[in-house]
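Asks: Got a structure for you, written out below as structure tokens; questions coming shortly.
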Amino acid sequence: MPNTIIEYLHHHVAAKPDEVAFSFLPSKTEPLTELTFREFWSEALSVANFLKSKTQTGDKVLLLYPPNIDYVVAFYGCLLAGVIAVPAPLPQNNSKQTLEIVNKCQPVLMLTTLKEVSQIRSFCQEQTGILKSISIFTSENSVSLLGALEAIVEIAPRTPAFLNYFSDSNNINEDVTITHRDIIENLKRLPIKSPESSDDVFVGWLPFFSEMDLIALGS
């Protein structure tokens with residue numbers, strides 16, 4: 507049995523490379539975006555190789571994304587690179603929460619999309635401390651810059667996968683480090699019926715930075 511989320515993904519890539527891995531439907535009027543397991547693996551590896559050229563194993567990478575499939579690629583790119591993903595809400599939606607997360611986790615860089623990068627850069631320049639000087643990169647550039655895929659880092663069940671922040675109406679509380687083992691154990695406890703076959707589809711609509719959605723991404 508696979509012991510990490512990456513082992514699960516690699517199993518699916520080998521078993522059914524041309525089947526759809528992830529689909530995203532922005533709205534009723536926008537087209538469906540899909541990636542097969544082969545496409546998803548390739549894009550996530552490209553992001554991972556880009557991150558490996560900019561980070562050290564165990565570094566924290568802030569993910570600022572609107573709901574889209576690029577976020578899922580970036581999240582798995584972090585896992586493949588051995589860095590710790592720190593998903594956070596876009597600052598225009600909740601700037602106080604984003605600032606508190608950044609100040610607590612001290613990320614080495616930030617990933618976002620081409621559509622959001624200008625607004626995020628403007629927001630960062632208005633701040634002090636780490637946000638004013640943090641390097642900001644886009645998923646699109648990180649995928650296109652590196653075509654050669656290298657070996658991924660060694661990942662164990664106890665390897666940290668992401669940081670989750672619990673908050674009340676006023677403040678961000680301390681972070682909780684979620685490991686690959688934690689994700690797998692939590693998936694086993696989800697109150698959902700086990701899939702009848704590999705053709706079954708899991709549908710989610712929670713915010714990408716919520717704990718439940720992050721754990722569901724592992725399924």
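Positions in the sequence shown are counted from 1; adding 506 to them yields the numbering used here.
Don't be surprised by glycine CBs; every beta carbon is placed ideally from N, CA and C.
Do you know offhand how far Ile575's Cα is from Ser529's?
Replies: Counted from its first residue, the sequence shown places residue 575 at position 69. Counted from its first residue, the sequence shown places residue 529 at position 23. Their Cα atoms are separated by approximately 7 Å.
Asks: Quick one: using the 10 Å Cβ neighbour count with 16 as the cut-off for buried, is Lys638 buried or exposed?
Replies: Start at 1 with the first residue of the sequence shown, and residue 638 comes out as number 132. Exposed, since its Cβ has fewer than 16 Cβ neighbours within 10 Å.
Asks: State the beta-bridge partners of Phe528 as determined by DSSP.
Replies: The residue labelled residue 528 in the question sits at position 22 within the sequence shown. Residue pairing of Phe528 in beta bridges, as defined by DSSP: Leu541.
Asks: Do you know how far the Cα of Asp681 is from the Cα of Leu596?
Replies: Start at 1 with the first residue of the sequence shown, and residue 596 comes out as number 90. Start at 1 with the first residue of the sequence shown, and residue 681 comes out as number 175. Using only the alpha carbons, I get a separation of about 18 Å.
Asks: Nearest-angstrom Cα distance between Gln633 and Ala521?
Replies: Translated into positions along the sequence shown, residue 633 becomes position 127. Translated into positions along the sequence shown, residue 521 becomes position 15. One C-alpha to the other measures close to 47 Å.
Asks: Please list the terminal residues of the continuous alpha helix (DSSP H) segment that includes Ile689.
Replies: As a first step, residue 689 must be located in the sequence shown, where it is residue number 183. Where Ile689 is concerned, the enclosing alpha helix (DSSP H) stretches over His686 to Arg695.
Asks: When you compare only the Cα positions, how much space is there between Tyr582 and Val623?
Replies: Against the sequence shown, residue 582 aligns to sequence position 76. Against the sequence shown, residue 623 aligns to sequence position 117. Their Cα atoms are separated by approximately 20 Å.
Asks: Ordered along the chain, which non-local residues of its own chain (more than five positions away) have a Cβ less than 6 Å from that of Ala587?
Replies: The count along the sequence shown starts at 1 and reaches residue 587 at position 81. Ala554, Leu557 and Lys558, listed in sequence order.
Asks: On the DSSP letters alone, give me the boundaries of the alpha helix (DSSP H) that Ile626 sits inside.
Replies: Residue 626 sits at position 120 when you count from the first residue of the sequence shown. That run of the alpha helix (DSSP H) goes Leu620 to Gln631.
Asks: Ends of the beta strand (DSSP E) at Lys566?
Replies: Position 60 of the sequence shown, counted from the first residue, corresponds to residue 566. Run containing Lys566: Lys566 to Leu570, per the beta strand (DSSP E) assignment.
Asks: With distances taken between CB atoms, is the gap from Leu538 to Ala527 smaller than 8 Å?
Replies: For the purposes of this step, residue 538 is taken as the residue at position 32 of the sequence shown. For the purposes of this step, residue 527 is taken as the residue at position 21 of the sequence shown. Cβ distance not < 8 Å, so Leu538 and Ala527 don't count as in contact.
Asks: List the whole-angstrom C-beta distance separating Thr665 from Thr510, where the pair is believed to meet the contact cut-off of C-beta under 8 Å.
Replies: On the sequence shown, residue 665 is found 159 positions in, with the first residue counted as 1. On the sequence shown, residue 510 is found 4 positions in, with the first residue counted as 1. With a Cβ gap of about 7 Å, Thr665 and Thr510 count as contacting.
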